[in-house]
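Enquirer: Position 8 (the sequence shown) corresponds to 8 in the UniProt record's numbering; numbering is contiguous.
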Amino acid sequence: GYRNIDGLSNKYTDELYQYEQRPSCSNDCGSHYLFCDRSHGQPRCVSKVKIGGRCDGFEQEDICYKGVCVNGRCVPGSNPVTNPATQATRAPPATRAPPSSSSDCFNEQPCCERWASMGRCEADVDFMGTNCAASCRICSASFDLSNECSDHSPSCPGWSARGECESNAMWMAENCRESCQLCGQSRHCGGRGRHRDHRRRPPWWRG
Numbered sequence: 001g002y003r004n005i006d007g008l009s010n011k012y013t014d015e016l017y018q019y020e021q022r023p024s025c026s027n028d029c030g031s032h033y034l035f036c037d038r039s040h041g042q043p044r045c046v047s048k049v050k051i052g053g054r055c056d057g058f059e060q061e062d063i064c065y066k067g068v069c070v071n072g073r074c075v076p077g078s079n080p081v082t083n084p085a086t087q088a089t090r091a092p093p094a095t096r097a098p099p100s101s102s103s104d105c106f107n108e109q110p111c112c113e114r115w116a117s118m119g120r121c122e123a124d125v126d127f128m129g130t131n132c133a134a135s136c137r138i139c140s141a142s143f144d145l146s147n148e149c150s151d152h153s154p155s156c157p158g159w160s161a162r163g164e165c166e167s168n169a170m171w172m173a174e175n176c177r178e179s180c181q182l183c184g185q186s187r188h189c190g191g192r193g194r195h196r197d198h199r200r201r202p203p204w205w206r207g
C-alpha cells in the first residue's frame, strides 16, 4: 500500500484510496476529503482526486477536491448540481464545535477509542479525521462510544443477517457489536494505527 498524507488521491481506478466497506455511506463520508462512490457496486468511501487528476467513470460523483470532473479530468470549479442539504451536513473541521448528533457519524474501525485516548486525534489529524470521526468528536455520534455491547445503527440487525459481520468484519465489529454477537469480546486493537493498513479491497470490487 501507500501512505496518503493529505487524505487525497491522484491515483486512479484500482489505486483510488479506499476505506473500509460500509453497508451504506453519506455523500461526503464525514470528511471534505472523501466521497461516497455509489456507481461501482456497493457504496464505499473513496478519497477525492486532486485538481489535474483523472476522474473517468466518476462524472456523476463528487470525486474532485475543490473542483469538478470535466472530460475525465478534475478542473477548478464548483459542481452546479450540489445539493444544499448535503452542504449542510458536511462535518466541520475539528477546531469547530461538534454538530448535533448525526445518524452518519461513525468510527471506521475498533481501535479508534484507544487511539483517541492516546492523543492521535491531534497528532495525526488527516488519518484520524477520516477513520475515527466519532472518537475525535469531528461529528457528534448518536450513540454511547463507551458502550461495548450496542448497535450504532438501527440497520445493524439487517446487515448482520445479510452476512456483513463476516464480509465487512472491521466496520461491523466497531458499529454493530450486539448484532454480530461480540458483546463478550474485547475489541482487537493491534498495530500502530496509521502505520498499519486496516483498509482492505472489498471482495465485490472488480475495478
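In this text, a Cβ means the ideal position worked out from N, Cα and C, and glycines have one as well.
Model, not experiment: these values are computed from the prediction.
When the Cβ atoms of the region 52-66 are set against those of the region 152-164, are three or more pairs found closer than 8 Å?
Expert: Because the criterion of three Cβ pairs below 8 Å is not met, the region 52-66 and the region 152-164 do not touch.
Enquirer: On the three-state DSSP scale, how would you describe R141?
Expert: Strictly speaking, residue 141 in this sequence is Ala, with Arg absent from that position. Correct three-state label for A141: strand.
Enquirer: Is M118 helix, strand or coil by DSSP?
Expert: In the structure shown, M118 sits in coil (DSSP, three-state: anything other than H, G, I, E or B).
Enquirer: State whether the region 29-42 contacts the region 125-135, with contact taken as three or more CB pairs (one from each stretch) at a distance under 8 Å.
Expert: With the cut-off at 8 Å, the region 29-42 and the region 125-135 touch.
Enquirer: DSSP on F35, reduced to helix/strand/coil?
Expert: F35 falls in the strand class under three-state DSSP.
Enquirer: Roughly how many angstroms separate the alpha carbons of A141 and R187, rounded to a whole number?
Expert: In a straight line, the C-alpha of A141 is about 19 Å away from that of R187.
Enquirer: For G67, report the span of its alpha helix (DSSP H) as first-last.
Expert: Element bounds for G67: not the alpha helix (DSSP H) but the beta strand (DSSP E), G67 to V70.
Enquirer: So for S47, helix, strand or coil by DSSP?
Expert: S47 falls in the strand class under three-state DSSP.
Enquirer: What does C111 pair with, by DSSP beta-bridge criteria?
Expert: None; C111 has no bridge partner.
Enquirer: My assumption, with CB atoms under 8 Å, is that I63 sits in contact with F35. Please give the rounded CB distance.
Expert: Sure, about 6 Å apart at Cβ, within 8 Å.
Enquirer: Among the candidates R137, E108, D144 and D104, whose CA atom is the shortest distance from the CA of G119?
Expert: Nearest C-alpha to G119: R137.
Enquirer: Apart from the five residues just before and just after residue 222, which ones in its own chain have a Cβ nearer than 8 Å to its Cβ?
Expert: There is simply no residue 222 to check, as the chain begins at 1 and stops at 207 in what is shown.
Enquirer: Just to confirm, is the Cβ distance from C180 to S160 under 8 Å?
Expert: Yes, the pair counts as a contact, with Cβ atoms nearer than the cut-off.
Enquirer: Could you give the C-beta distance for C156 and C176, rounded to a whole number, given that I count them as a contact under 8 Å?
Expert: About 4 Å; that satisfies the 8 Å criterion.
Enquirer: Could you check the C-alpha separation between G52 and D37 for me, to the nearest Å?
Expert: So the alpha carbons of these two residues sit roughly 19 Å apart.
Enquirer: State yes or no: is the C-beta of E164 within less than 8 Å of the C-beta of M172?
Expert: Contact flag set, yes.
Enquirer: Under the three-state reduction of DSSP, which class applies to C156: helix, strand or coil?
Expert: Correct three-state label for C156: helix.
Enquirer: Restricting to Cα atoms, I'd like to know which of C25, S47 and Q42 is closest to S167.
Expert: Taking only the C-alpha atoms, the option nearest S167 is Q42.
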